[in-house]
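Chemist:
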Amino acid sequence: MLYIGSHVGFNKNSQLLGSVLEASSYGANTFMFYTGAPQNTMRYPIDDKLTNEAIKKMKEVGINFSKVVVHAPYIINLCNEANFDFSVSFLKGEVERVSKLGVKYMVLHPGSHVGLGIDKGIENIISGLNLVLDGKTDVTILLETMAGKGSEVGSTMDEIKRIIDGVKDKSHIGVCLDTCHLNDAGYSMEDFDKYLDEFDKIIGIDKIGCIHINDSKNILSSHKDRHENIGFGTLGFDNLIKIIYNERLGEIPRILETPYVDREYPPYKYEIEMIRNKKFDENLINKIKQS
Ligand code: FE
Ligand code: FE
Ligand code: ZN
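Using numbering that gives the first Met the number 0, read the sequence shown as starting at 0 and increasing by one per residue.
The structure is reproduced here in structure tokens:
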């Protein structure tokens, strides 16, 4: 079964129930959310009543809760020594919130070393992850493959492998691929099977827990990280369809993080429909604007 969804909102008043309703309005059978604003640390207590209603709703609308993922806020930077204690304690809190919600996977940007160098950066990420993954949590952290913008760590398979090698609790660490980031980092998405062959040799395909499906505004190796709507970027519709339907990825969630059209209209309902039809609609953007 294909599990496809997008990132959706999560707010104080409707919490997980609101996220489910939004995902369902896109025709999704999974989704990803931040437990609050991605760029700040304001977090509200989880309301179990809303969580239970959300779980009931998911069954009704055909969303598979076991395929739902959370994205950790990107202000967490385990590389940065000045913010290390804060990042660790905030990430710990996030893992607890995610666990309380009943979600099993959390996507995390490895971090940016901001001048410390890649080796020190990786060392710090490993220390932080080992403090968070203390053997008691039931949440698996998925390290996202990054575009290599600025001093981002995790834009090569080797860096991701070195982090995983240092993590003690191997059963709770995995990887989240991001097609835009992979392209921008220099991995061609024109032959995804070749990428998977290499990944399997170095890290192991079984470590992949999620894939972000995005087109890219930029060319291979640009190190930019600017997402584009499906079929409207340099990866193109056919390559993305081959990736989405690649059977070697099994039933891991495919999550769209493509931009809103004119910063206003969410494209997900239309992109999901187009993906299910496997047929590119060059008029999609206009269609979304008129909706
Ligand atoms: Fe991300
Ligand atoms: Fe992503
Ligand atoms: Zn990105």
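Glycine included, C-beta positions come from ideal geometry on N, C-alpha and C.
Can you list the beta strand (DSSP E) stretches of 3 or more residues lying completely in the region 203 to 260, in chain order?
Modeler: 207 to 212 and 253 to 255
Chemist: For a quick check, are the C-beta atoms of serine 86 and glutamate 151 less than 7 angstroms apart?
Modeler: no
Chemist: Run the proximity test for aspartate 224: is its beta-carbon closer than 6 angstroms to any non-hydrogen atom belonging to ligand 3?
Modeler: True, at least one ligand heavy atom lies under 6 angstroms from that Cβ.
Chemist: Could you round the C-beta distance between asparagine 294 and arginine 225 to whole angstroms and report it? I think they count as a contact, below 8 angstroms.
Modeler: No answer is possible for residue 294: the residues shown for the chain start at 0 and end at 290.
Chemist: What ranges does the alpha helix (DSSP H) occupy inside the region 44 to 121, keeping only unbroken runs of at least 4 residues that lie completely in it?
Modeler: 47 to 60 and 83 to 100
Chemist: Nearest-angstrom Cα distance between valine 7 and methionine 31?
Modeler: 6 angstroms
Chemist: Just to confirm, does aspartate 177 get its C-beta within under 6 angstroms of one of the non-hydrogen atoms of ligand 2?
Modeler: Yes; taking the cut-off as 6 angstroms, the Cβ of aspartate 177 has a heavy atom of ligand 2 nearer than that.
Chemist: Let's see if you can read the secondary structure: which residues bound the alpha helix (DSSP H) around glycine 147?
Modeler: Premise fails: glycine 147 is in no alpha helix (DSSP H) and is neither H nor E.
Chemist: Would you report the Cα separation of isoleucine 254 and serine 98, rounded to the nearest angstrom?
Modeler: 20 angstroms
Chemist: For leucine 283, report the span of its alpha helix (DSSP H) as first-last.
Modeler: 283 to 289
Chemist: Skipping 5 residues on each side, what residues in its chain have a beta carbon closer than 6 angstroms to that of histidine 171?
Modeler: Leu132 and Thr139
Chemist: So, for isoleucine 271: in the same chain, excluding its five sequence neighbours on each side, which residues have a beta-carbon less than 8 angstroms away from its beta-carbon?
Modeler: Ile3, Gly4, Ser5, Tyr25, Gly26, Ala27 and Leu255
Chemist: In chain order, which continuous runs of the beta strand (DSSP E) of length 3 or greater are located wholly inside the region 121 to 190?
Modeler: 139 to 143 and 172 to 177
Chemist: Determine the DSSP secondary structure at methionine 41, reduced to helix, strand or coil.
Modeler: coil
Chemist: With hydrogens ignored, establish whether the beta-carbon of glutamate 143 is closer than 6 angstroms to any heavy atom of ligand 1.
Modeler: yes
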